[in-house]
Amino acid sequence: MAPRRPIAPALAQQLASVLLPTGYRGPAFLVFDNFRSILRYNNSTAYALAVGLLADGYAGRAGVEQPWPKDDPPLNSTAQITELQQRLTDKGFDVGGIDGVLGAQTRQGIRAFQRIQQLPQDGYASTSLLARLRAA
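In structure tokens:
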């Protein structure tokens, strides 16, 4: 999918990342250094995304156009994330330790599991992913 609006020339020279907060079926965001700066202030993807969308809204730009999927919610408790990390670790996937925090290493472990399972490798920690790990 192409960007919905042009990329500002100042951003075109920066390293960008694709953010898929609800997996491959949800909205996709191209994030730049300013997003990473917000994360340094508060290391929460939801917070940084909300700040960015709020800033876009103040600038008169459109909000999210792709609907958020509702049939596969994210894991939202420390207990669920801890279980996910434990199950991935038990199956030989490196999540960087079991701490109940959904960080970069846990997402890498999720993507490795998804690759083995021939699933889209989006790193999305969802209830269906946890169910698949429980059944595996």
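In full-length UniProt numbering, the protein residues as written are 1 to 136. For every residue, glycine included, the Cβ atom is placed at its ideal position computed from N, Cα and C.
Between residue i and chain B, is the shortest Cβ-Cβ distance under 8 Å, so that the two count as touching?
{"i": "Ala131", "result": "The question asks about chain B, but that chain is absent: this structure has only one protein chain."}
Which residue from the options puts its Cα closest to that of residue i?
{"i": "residue 140", "options": "Ser126, Ala135, Ala131", "result": "In this structure the chain extends from 1 to 136, so residue 140 is not present and cannot be described."}
{"i": "Phe35", "options": "Gln118, Asp56, Gly23", "result": "Asp56"}
{"i": "Arg111", "options": "Gln66, Ala104, Gly123, Ser17", "result": "Gly123"}
{"i": "Ala8", "options": "Gln105, Leu19, Leu30", "result": "Leu30"}
{"i": "Leu20", "options": "Thr45, Asp33, Ala12", "result": "Thr45"}
{"i": "Gln13", "options": "Asp33, Gly23, Tyr24", "result": "Asp33"}
{"i": "Leu75", "options": "Ala135, Leu129, Leu15, Phe113", "result": "Leu129"}
{"i": "Val64", "options": "Ala50, Ser17, Asp71, Arg134", "result": "Ala50"}
{"i": "Pro6", "options": "Gly23, Ala62, Gly96", "result": "Ala62"}
Strictly by DSSP, which residues pair up with residue i?
{"i": "Leu75", "result": "Looking at the DSSP assignment, Leu75 forms no beta bridge with any residue, so it has no partner."}
{"i": "Phe29", "result": "Leu19"}
Within the continuous beta strand (DSSP E) that includes residue i, where are the two ends?
{"i": "Phe35", "result": "Counting along the chain, Phe35 falls outside any beta strand (DSSP E), though it belongs to the alpha helix (DSSP H) covering 33-41."}
{"i": "Val18", "result": "17-19"}
Counting along the chain, where does the alpha helix (DSSP H) carrying residue i start and finish?
{"i": "Ala48", "result": "45-58"}
{"i": "Pro93", "result": "The sequence as given places Phe at residue 93; Pro does not occur at that position. Taken as a continuous stretch (DSSP letters only), Phe93 belongs to no alpha helix (DSSP H), as it is neither H nor E."}
{"i": "Gly103", "result": "No alpha helix (DSSP H) contains Gly103, which DSSP labels as neither H nor E."}
{"i": "Leu130", "result": "127-135"}
{"i": "Pro9", "result": "9-12"}
Rounded to the nearest angstrom, how far is the Cβ of residue i from that of residue j, given a contact under 8 Å?
{"i": "Gly52", "j": "Ile38", "result": "7 Å"}
{"i": "Arg40", "j": "Arg87", "result": "At roughly 30 Å, the Cβ-Cβ gap does not stay under 8 Å, so Arg40 and Arg87 are not in contact."}
{"i": "Gln117", "j": "Arg107", "result": "Contact doesn't hold; Cβ gap of about 15 Å is too wide."}
{"i": "Thr82", "j": "Ile98", "result": "6 Å"}
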